[in-house]
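Undergrad: A single structure is presented below for examination.
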Amino acid sequence: MRPVYAVSGGVSKFAKARPDKTFQPMVKEAYDYAIADLGLDFPTFTRLVDGSVASYFSDHFLRQLKAGAMVQDYLGLIPKPCHRVEGGGATGGLSFQEGWKSIASGHMDVCVVYGWETMSHVETWKGNEFIALASDVSWDYPVGGFYSGYYAMMVTRHMKEYGTTAEQMAHVSVKNHLNAYHNPYAQKRERYTIADVRNAPMVAWPLTRLDICVMSDGAAVTILASEDGLRKLEQAGARVPRPLVRVTGIGRGTDAMRMADRPHLDYDTFLRDYATEMERASDDTRAYYKRLWDHGTRYPGIHSFRAGRTAGNMAYKHAGIVDPIKDLSFIELHDAYTSSEIQTYEDMGLCRYGEGGPFAASGKAFMPGIDYRLKLPEKPVCPVNPSGGLIACGHPVGATGLMQGVFALWQIQSTIAKHFGDPALQVRDARKGAIHSHAGTGTFVTVSILEREA
Amino acid sequence: MTKLPDQRDESLGGYVVHGVPFPVETDPDALAFLKRMAPIQIEQPYQITYLHSYGQDSPWFAGAANKHLLATQEPDTGYTYATPRGHDMYSGRETNWIDITDRKANVHAFTVCHFGSEEFLPETPYVLALIEFEGVNTLFLTRLMGVDPQAASLDWIGMPVRPRFLRNSKLKPTDVYFVPAAG
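Chains as they are written, first to last, in my numbering: chain L, 1 to 454; chain G, 455 to 637.
In structure tokens form, the structure reads like this:
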């Protein structure tokens, strides 16, 4: 496999609705930004790019099939190769990795991955219905199909097993909304308190409206290149900041579509197949897990995402990461729900299974230098969702995982101040970051590692 | 005193408009002005009826219509699926039908939905629950009745429950629902 570099990116302003444009020029906003940030003009980039990946989730939201072909021609990319990727909420993360494969395999030297979603064309509750069609339409949807309901069931089990509290979840909401206060691309830039989150209208107990991401219209673009592609871009006048940002690891995992079908595995199987290297090597952690299992915990059940753990372990191995919380400078993860951010802390090995709630309220995942007006017992260690995540930025599904890729690129380039017009969210000395994209009730999950080249 | 919400609900279904504003003359200034127009938005109704087959899962629905709760089981290992699967995901073998109507059952997890997809909004608040059964390896998603949705409590997890069946089957998984066993 050849080295793959992330060289540029762009994000449209995420908004509740963008009736001013159809989806093609909305994608072009992000596309033009990415090209301009390279210092190239449209015809030059068009000449150099070898092909593309189109990232969008739902044909229902647009009522338009083959929408990828319409963006491909609007961007002037025909007759270059393109394929559409769809994988629910993980569509963007999967597409990013498909772009990576195109470069790593030698199939392309320069690949542009563009993604978008326009969710405003139907009313919110019809949108929830469309999203719920991404659950089994024989067995899950007809019972009351509603993704917030599915995630709420997961978290009631998490609370029962581990003592996780709604207030711990609310810490995630306060953090992500306040981070987004400094991100001009975010849909919701708000200062909330724990009380605000808990007093918001209840959607699916115990998740309130402020525990849940919103629907959005938006687009994002990342440009990936090989060493040869980089050379071609720079020979044509592109300005790619040094040190370079390389994508050093990718991982993916899957799980049963119906969360009811997920197994409840024993301790030995968990330790053998799913524990992180750190967990397996620690006497203390093995004993901790043994106690959990003695008290009835089984894995993954519905409280944990086996797909996320599998994706994380795979990406970490690929990128040589052993202790994620220390090795990673930041993580942009798929916080469609505050509860799923907590579940993902555990899947990604930032803490042990069962410790996600206290971890959320510890301060370790917060940004330094921002006053959250919370009493946090510990200092930031590895900021999670410094951009504001899905909860505050919005979740235009096909764009979301690519948005994470763009923000991660800017973090590692140390160009957040330039792109956001505000330095507050720049993670100091950001060397290595992870992006995490998640579909369904944890059916497809991707983790990709971006790293500053030495 | 209960306050009204501070925002009215939005809905589609607006006006029929005749006469769309447009410059009387298409001189250069008028044409340039077109880029400053607000977008035109129209409604596009979309309705479709699918002929959906339950395929290999069909006996489950026939069972529920006759007040039997069925599950499927791997013939050798006995691995049992509360939500039926035609083939076992570990051995790849075809499963057999078993009747679990009278098995001991408990709430494994739940939520109270105060909102929902458009189709289910009129039914809110409703309680979704995943049910675990004695001797069964996987769970079953259902509606839980006979509890107070305004008094949600983690204590509901572990509560013994029993199935009840609609008298007039709709041939949907909601033909069965669960209630507290003590009720």
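All C-beta atoms, glycine included, are put in the ideal place defined by N, C-alpha and C.
Values in this document were obtained by computation on a predicted structure and should not be read as measured data.
1. Can you pull the chain L residues whose beta carbon is under 7 Å from the beta carbon of residue 626 (chain G), in chain order?
2. Does the CB of residue 199 (chain L) have a neighbour CB from chain G at under 8 Å?
3. Assuming residue 55 (chain L) contacts residue 82 (chain L) under a Cβ cut-off of 8 Å, what Cβ separation, rounded to an integer in Å, is found between them?
4. Kindly say whether residue 332 (chain L), judged by its beta-carbon, lies nearer than 8 Å to any beta-carbon of chain G.
5. Does residue 426 (chain L) come out as helix, strand or coil in the three-state DSSP assignment?
6. By how many angstroms is the C-alpha of residue 246 (chain L) removed from the C-alpha of residue 402 (chain L)?
7. For residue 560 (chain G), which residues from the same chain have a beta carbon less than 6 Å from its beta carbon, with the 5 sequence-adjacent residues on both sides left out?
8. So residue 169 (chain L) and residue 395 (chain L) are supposed to be a Cβ contact under 8 Å. How far apart are they, rounded?
9. Looking at the strands, I want to know which residues DSSP matches up with residue 202 (chain L).
10. Show which residues of chain L have a CB atom less than 7 Å away from the CB atom of residue 537 (chain G).
11. Kindly say whether residue 156 (chain L), judged by its beta-carbon, lies nearer than 8 Å to any beta-carbon of chain G.
12. Give the list of continuous beta strand (DSSP E) stretches no shorter than 3 residues that lie fully inside the segment 71 to 128 of chain L.
13. Verify the CB distance criterion: does residue 527 (chain G) have a CB-CB separation below 8 Å to chain L?
14. Who are the neighbours of residue 568 (chain G) on chain L, taking C-beta pairs under 8 Å?
15. Show which residues of chain L have a CB atom less than 7 Å away from the CB atom of residue 469 (chain G).
16. Rounded to a whole number of angstroms, what is the C-alpha to C-alpha distance between residue 414 (chain L) and residue 430 (chain L)?
17. Below 8 Å between beta carbons: does that hold for residue 555 (chain G) and residue 522 (chain G)?
18. In three-state DSSP terms, what is residue 382 (chain L)?
19. If the cut is a Cβ gap below 7 Å, which residues of chain G does residue 146 (chain L) touch?
20. Could you check whether the segment 417 to 435 of chain L touches the segment 175 to 188 of chain L, counting it as contact only if at least three pairs of C-beta atoms, one from each stretch, sit closer than 8 Å?
21. Using CA atoms only, rank isn't needed, just tell me which of L:114, L:151 and L:354 is closest to residue 69 (chain L).
22. Are the C-beta of residue 464 (chain G) and some C-beta of chain L separated by less than 8 Å?
23. For residue 626 (chain G), write down the residues that DSSP places opposite it in a beta bridge.
24. Once DSSP output is grouped into helix, strand and coil, what is the label at residue 490 (chain G)?
25. DSSP three-state call for residue 44 (chain L): helix, strand or coil?
26. Would residue 174 (chain L) and residue 40 (chain L) be called neighbours here (beta carbons separated by less than 8 Å)?
27. Quick one: does residue 302 (chain L) have its CB under 8 Å from some CB of chain G?
28. Is there at least one Cβ from chain L nearer than 8 Å to residue 611 (chain G)'s Cβ?
29. According to DSSP, is residue 5 (chain L) part of a helix, a strand, or is it coil?
30. For residue 541 (chain G), return the contacting residues in chain L, with the cut-off set at a CB-CB distance below 8 Å.
31. Does the beta carbon of residue 410 (chain L) come closer than 8 Å to any beta carbon on chain G?
32. Based on the DSSP output, what are the partners of residue 619 (chain G) in its beta bridges?
33. Checking the sheet assignment: what are the DSSP bridge partners for residue 451 (chain L)?
34. For the beta strand (DSSP E) containing residue 218 (chain L), list its first residue and its last residue.
35. Could you pull the DSSP bridge partners for residue 337 (chain L) from this structure?
36. Distance check for residue 122 (chain L) and residue 469 (chain G), CA to CA, integer angstroms please.
TA: In brief:
1. 142
2. no
3. In fact, because the Cβ distance is near 11 Å, the residues do not count as touching under 8 Å.
4. no
5. Coil.
6. Their Cα atoms are separated by approximately 15 Å.
7. In its chain, beyond the 5 residues on either side, 586, 612 and 614 have a beta carbon closer than 6 Å to the beta carbon of residue 560 (chain G).
8. Incorrect: roughly 17 Å between the Cβ atoms, too far for contact.
9. Beta-bridge annotation (DSSP): residue 202 (chain L) is paired with L:208.
10. Ordered by position in chain L, the residues that pass the 7 Å Cβ test against residue 537 (chain G) are 139, 258, 260 and 261.
11. yes
12. 82 to 85 and 110 to 118
13. So, not an interface residue.
14. 201, 202, 203, 204 and 205
15. None at all; the shortest Cβ gap to chain L is about 16 Å.
16. 7 Å
17. yes
18. coil
19. 567, 570, 571 and 574
20. Yes, the segment 417 to 435 of chain L touches the segment 175 to 188 of chain L.
21. L:114
22. At least one CB atom of chain L sits nearer than 8 Å to the CB of residue 464 (chain G).
23. Partner(s): none; residue 626 (chain G) has no beta bridge.
24. If DSSP states are grouped into helix, strand and coil, residue 490 (chain G) belongs with the helices.
25. helix
26. no
27. yes
28. yes
29. strand
30. Here the premise fails: no neighbours, minimum Cβ distance about 12 Å.
31. no
32. G:630
33. L:246 and L:432
34. Per DSSP, residue 218 (chain L) belongs to the beta strand (DSSP E) from 217 to 225.
35. Paired residues: L:212.
36. The straight-line gap from Cα to Cα measures roughly 17 Å.
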